[in-house]
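See structure below.
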Amino acid sequence: MGSFVKSPTEQHLNIDKVSQTARFLILSLPDNQLSKLSPFAIEKGLHAIGGSPKSVKRLRSGDLLIETASAIQTKSFLLAKKFLDYQLSVTVHKALNSCRGVVSDKELMMASESEIIEGLSTQGVIAARRINIRRGNDIIPTKHVTLTFSSSKLPSNTTAGYIRSPVKPYIPNPLCCFNCQRFGHSKVACRGQLTCSNCGIAGHSANGCQADPHCFHCKQDHSSDSKDCPQWKTEKKIQEIKIKQNITYAEAKKLISQEKTPSYSQAVKSSVSQNTQTDENITKVIVPPLTKLKPGKVIDDYLHNSDHFPLIITDNRHNSANHYYSPKYVYNAADWQKFSSLADITSAIIDNHTVDEALENIISIIKTAADASIPLAKANLIKFKKSKADSRRIQRQSQRLSWRKYISTITSSTSSKELWQKVKKACGNVPSHSISTLTNNDQTISSPKEIADTIASSLVQISSSRNYPDHFLAHKLKEEKTKLNFNTQFDLPYNNSFTLLEFQSCLSTVHNSAPGPDNIGSFLIKHLTIESQTNILRLYNRIWQEQTFPTLWHQAIITPILKPGKDATNPLNYRPIALTCCLCKLLERLVNRRLVHYLETNNIIHPHQSGFRKGRCTLDNLLSLETDIRLAFLQKKHLVAIFFDIEKAYDRTWRHGILSDLYAFGLRGNLPIFIRNFLRLRKFRVRVGFEFSDSYIQEEGVPQGSVLSVSLFIIKINNILHQLPSFVKGHLYVDDLYISCTGNHISFIEQQLQTAVQKIKHWSDFNGFNFSASKSSGVHFCRKRGLHLDPEIEMDGRIIQIENQVRFLGILFDRKLTFLSHVKYLRKRCERALNILKVLSNTSWGADRLSLQRIYRSTILSTLDYGSAIYGSARKSVLKKLDPIHHSALRLCSGAFRTSPTSSLYVDCYEPPLEIRRQMLSLHYYLRISSNTRHPCHGFQLRPFLHRLQQARPSSVPTFFTRMHNLMKDFNLHEVPISLQPSFLPPWKDSEFKYLNPFGSFDKSNTSDTIFQQLFADHRLRFHDFVPIYTDGSKLSSRVSFAVVFPKSVSAFTLLPFCSIFTAEITAVFHALKQILKCPIGKYAIYTDSLSVLQALNSLHCKSHPLVFSVLDLYEKLISQGFSLVFCWVPSHVGIAGNEQADSNARSATHFSHEPVPVCDLKKHIKSCLQMKWQIH
2 MGSFVKSPTE QHLNIDKVSQ TARFLILSLP DNQLSKLSPF AIEKGLHAIG
52 GSPKSVKRLR SGDLLIETAS AIQTKSFLLA KKFLDYQLSV TVHKALNSCR
102 GVVSDKELMM ASESEIIEGL STQGVIAARR INIRRGNDII PTKHVTLTFS
152 SSKLPSNTTA GYIRSPVKPY IPNPLCCFNC QRFGHSKVAC RGQLTCSNCG
202 IAGHSANGCQ ADPHCFHCKQ DHSSDSKDCP QWKTEKKIQE IKIKQNITYA
252 EAKKLISQEK TPSYSQAVKS SVSQNTQTDE NITKVIVPPL TKLKPGKVID
302 DYLHNSDHFP LIITDNRHNS ANHYYSPKYV YNAADWQKFS SLADITSAII
352 DNHTVDEALE NIISIIKTAA DASIPLAKAN LIKFKKSKAD SRRIQRQSQR
402 LSWRKYISTI TSSTSSKELW QKVKKACGNV PSHSISTLTN NDQTISSPKE
452 IADTIASSLV QISSSRNYPD HFLAHKLKEE KTKLNFNTQF DLPYNNSFTL
502 LEFQSCLSTV HNSAPGPDNI GSFLIKHLTI ESQTNILRLY NRIWQEQTFP
552 TLWHQAIITP ILKPGKDATN PLNYRPIALT CCLCKLLERL VNRRLVHYLE
602 TNNIIHPHQS GFRKGRCTLD NLLSLETDIR LAFLQKKHLV AIFFDIEKAY
652 DRTWRHGILS DLYAFGLRGN LPIFIRNFLR LRKFRVRVGF EFSDSYIQEE
702 GVPQGSVLSV SLFIIKINNI LHQLPSFVKG HLYVDDLYIS CTGNHISFIE
752 QQLQTAVQKI KHWSDFNGFN FSASKSSGVH FCRKRGLHLD PEIEMDGRII
802 QIENQVRFLG ILFDRKLTFL SHVKYLRKRC ERALNILKVL SNTSWGADRL
852 SLQRIYRSTI LSTLDYGSAI YGSARKSVLK KLDPIHHSAL RLCSGAFRTS
902 PTSSLYVDCY EPPLEIRRQM LSLHYYLRIS SNTRHPCHGF QLRPFLHRLQ
952 QARPSSVPTF FTRMHNLMKD FNLHEVPISL QPSFLPPWKD SEFKYLNPFG
1002 SFDKSNTSDT IFQQLFADHR LRFHDFVPIY TDGSKLSSRV SFAVVFPKSV
1052 SAFTLLPFCS IFTAEITAVF HALKQILKCP IGKYAIYTDS LSVLQALNSL
1102 HCKSHPLVFS VLDLYEKLIS QGFSLVFCWV PSHVGIAGNE QADSNARSAT
1152 HFSHEPVPVC DLKKHIKSCL QMKWQIH
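Right, here's the structure in full:
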């Protein structure tokens, strides 16, 4: 096993230095106690010290040889003093913690061994020996130098001055005994008999032996120490395996012996028997159907002394686990405090290594800490059998209680994903994604490895540039010859280093997604300490500023999921679900925020692109289409819409085209260079069960499963909307494109749409996209009487099919826009989901009422809510078809009788009618559009003649905005000014706002007013040169007001009665700042009793109150002009004179302030108005 030393000097080694390289340790106990302990006790003791080691072996001496997984684990064991209450001795293995390699370079001929050691010491070299050869009596030095490294992992290369030399493993010659001629030991340790190396006969040495050469090992005619001996070659191979796999001599020898041992089939093949008789009882084998086998590879053409051709069969009915399976952690049972302390990522790890090495160290540290503090999901067969037996005995008694407890775990905080998992498990619907067989080129494939390779090959073919047409390939080759120089000398703000605020903001929005190739989940990153997260940010900034990209982050693991209703044997019918490294996705999120900010602030993205943009959603495209159709119907015109399908849009996106667009947008520096490195040389492996395919390269397309991919695709497809003629409208939701044209004559519409299709096709020919004419479709929307021919639009020589209805973004649009087909589809879909409630509402063992209502809102009501603002314009007779679903669900949830009136159901379940809910959701969407100035429908108004036309034709369904305006008028809200959403904040901008709280350590309920008054007096002594300004807000039953008190003036105003108290408080602060702006430059202290306002100003995010942005903008403006401002919280109603005066003036305010109302306040008021309307009716 190699020698090791237990000298006392090792106790004084620098443990920090040793732990960085040492991975093999010897553990020993006094009186050889380790040999008396059971393996279970040893495993428990090892896990208590530093987690489970990478490997554990028992030596002949009884001691343990362990291999640690990281430097942290090594340090844990070196510091350990006790092992299961025994005194523990830990020493570093002498041989296994180092390795030797050979470098060859003529330039090193002039360097001595000591000079080489000194020059390469920083690279871990601790010894060097030049290889010499003997020519006669002369010893000639060579260019080959054997280097000994202090780590067990051999580096790929070394850098000697300006020379970069590759390092090859050093394979020593076999160790042969000069006494007994056997391999594996030296003459000093030999206990065998003296044997001649020349003749192989025992009893004498080779000196003076005149016999013919005869090998002691192989019995052939050569000496025993000859390198032509097969045994010598075998021993040489053992040494090679020992060095390359870093294992012991005995283990390497065992591997060689396994290779030499023939299998049963090999023994049969080598048989010389000529017997051709066959025993039927032997050859008769029951096998799976031959359709499961793969012809061409399952029939052996050699008879093997039989009269039948043998079939080689692989049984793939059950997948078995192997070493490819990545462990799953049980996060609910984790010791997060221990994990945080063990996962200590230091700055030295980041700064003293290359980016790839630093990333590898971070992954190793996090994995080791997770293994030591988070249990793995393991099956315990004994407990399972015992629980199963107990369950059978008490099944009837506990069925009702256990079922109710299981369903009642669904709470308001349960995510929709968890809810669906629970409901599906309750119904016994556990999805299985196993793949049994595939058919490829008329061959049936059943091996998981071959299935994975087949699916991977099909994905490679999809993303291959060979799918592009010849004319585009020529254009592509020409364009890619032009090198894009993204370097810049300007200091652009989006190229600055990432801040900790950006990092934490992005980390808080990361979902707990599955880990990628590094097996590090985002859940682990969230539980790191601030110091460790800061050092990960340090690595990100190194990647950002050094313009590099880790090799591991180019890789992805793809899990194929069968598309619904598709043939499972076709490898093209599987949707690739890619898993990439979570550490990489977090950095992508940081980069994506800066990229999106640049695109939005420079108005680069087309306003009719709604995909994955702040304040936008699928309803925007649905609303645009529905509005255009309603206006066409109002004017008795035709409207024709074409809905396009892009074949493999993401997988065939032209990468160089994306970079060219970024260059054209004016992006320079770190941001576009990072994207270029991100897109370069993407690799993936497909996982089927527990088997992985080979590694494949994705030639084109944006990477699946990446945060940046959607933004990059939007950039590439963005220019397509600029190709349309002026009479044709177009809208995009990522890759869902439709165009429409309105007119009195079909010939005009046909001409315009044909021109648009030709321009789209011409644009796609030079950008790598392929539109499918067979999958694209159109709808001719028209309510005019009489016969009207549909237009004929051609694409690629094929007529685009005109349908009676089309599904667009989940909504069915029929040509009369009645939405009858969509309502019928919704009802059918919800009736299937209603069966879940019927199962769970069993009176003897079902779920309770609250859980049933939660399930209904999450599974059925959410389906009815989607698009209700659009299909809610249908006739009442159509919409009433959904009411029975609502009523049936409420009856199941409440346990009411069939004869119970629906009005009592609404009251009992506190669920309004669907009509009220549709109005509420529509008004909420209308308010969101009204507050977003960047929305294409913001400020939409009908032209005067369309108003008159609408009044003259009351039977025509009005547009969405007309319907919402009428509803707002019913609630007397049509003239209320609405606060606008703030502009985009730079992600790299840190808020400099701070506030004082001298009363924070005192509990108001247990502290007298005198103490607060004294504390405030002390505070004013410190800030006596600051002008005090007091603000306060007040909300009574019928009025909302605020006041601002200056030393020589008081201003008080009322707001609309439905404004919140928070709005009143922050409006007071905003008015105080506006008045300070009119005052001379000086020092001012603003005192408010609203701690929530100060906290909102201190923690800015995209969903903050609109006035928070206004206050911070004005605050920064005042600071830049030389004002000194201090914000301070004061407790209310404790006798502080200024605060009491502000409160009194706020309550007695009479003057009205025409301030815009935030959308959040309007939503609450609209909800109360609709509830009142419901109660009245």
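Counting in my numbering, the sequence shown runs from 2 upward without gaps.
For glycine and all other residues, C-beta sits at the position ideal for the given N, C-alpha and C.
Query	Result
Test item: CB-CB of leucine 620 and aspartate 629 under 8 Å	no
Residue closest to phenylalanine 504, alpha-carbon to alpha-carbon, out of Ser153, Glu451 and Glu589	Glu589
N-terminal and C-terminal residue of the alpha helix (DSSP H) that isoleucine 239 is part of	231-246
Rounded separation between aspartate 336 and isoleucine 375 - CA only	6 Å
Sheet register partners of alanine 642 (DSSP bridge)	Ser741 and Val780
Boundaries of the alpha helix (DSSP H) in which glycine 787 is found, first to last residue	Where glycine 787 is concerned, there is no enclosing alpha helix (DSSP H), given that its DSSP letter is neither H nor E.
Contact under 8 Å by Cβ, valine 729 with cysteine 742	yes
Reduced DSSP category for threonine 143 - H, G, I as helix; E, B as strand; rest coil	strand
Within the segment 697-764, ranges of the alpha helix (DSSP H) (whole runs, at least 4 residues)	708-718
Residues near valine 1109 in its chain [Cβ-Cβ closer than 8 Å; skip 5 each side]	Ile1067, Ala1097, Leu1098 and Leu1101
Distance between histidine 732 and phenylalanine 714 (C-alpha atoms, nearest Å)	15 Å
Valine 126 to glutamine 21 span [Cα, whole Å]	14 Å
With 16 other Cβ atoms within 10 Å as the buried cut-off, status of histidine 763	exposed
Per-residue DSSP class, three states only, for arginine 686	strand
Where valine 824 sits in the DSSP three-state scheme	helix
Extent of the continuous alpha helix (DSSP H) run through isoleucine 801	No alpha helix (DSSP H) contains isoleucine 801, which DSSP labels as neither H nor E.
Local Cβ density within 10 Å of threonine 355, reported as buried at 16 or more and exposed below that	exposed
Tyrosine 872, DSSP secondary structure in three states	helix
Through-space distance from leucine 155 to leucine 79, alpha-carbon basis	23 Å
Cβ-based burial, alanine 203 [other Cβ within 10 Å; buried from 16]	exposed
Ordered list of beta strand (DSSP E) runs contained in the segment 1073-1113, each at least 3 residues	1084-1089
Cβ pair count under 8 Å reaching 3, the segment 1077-1087 against the segment 1027-1037	yes
Where arginine 614 falls, given that 16 or more other Cβ within 10 Å makes a residue buried	buried
Outcome for proline 551 when other beta-carbon atoms lying within 10 angstroms are tallied against a minimum of 16	buried
Buried or exposed (CB count within 10 angstroms, at least 16 for buried), glutamate 547	exposed
The segment 657-666 touching the segment 519-534, judged by at least three CB pairs closer than 8 Å	no
Leucine 176 (DSSP reduced to helix, strand or coil)	coil
Extent of the continuous beta strand (DSSP E) run through leucine 66	65-68
Closest by C-alpha distance to serine 842, when choosing among Leu865, Gln182 and Gly896	Gly896
Inter-residue CB distance, leucine 580 and alanine 557 (contact presumed, cutoff 8 Å)	6 Å
Presumed contact (8 Å Cβ cut-off) between tyrosine 734 and leucine 624, rounded CB distance	Between leucine 624 and tyrosine 734 the Cβ distance is about 12 Å, and since that is not below 8 Å, they are no contact.
Span of the beta strand (DSSP E) around glycine 1034	1028-1036
Short Cβ contact (8 Å threshold) for lysine 593 with serine 509	The sequence given here places asparagine at residue 593; lysine does not occur at that position. No; because the gap between Cβ atoms is not below 8 Å, this pair is not in contact.
Nearest-angstrom Cα separation, counted from isoleucine 366 out to leucine 360	10 Å
Beta-ladder partner(s) of valine 126, from DSSP	Phe150
Beta-carbon gap between leucine 891 and leucine 906 smaller than 8 Å	yes
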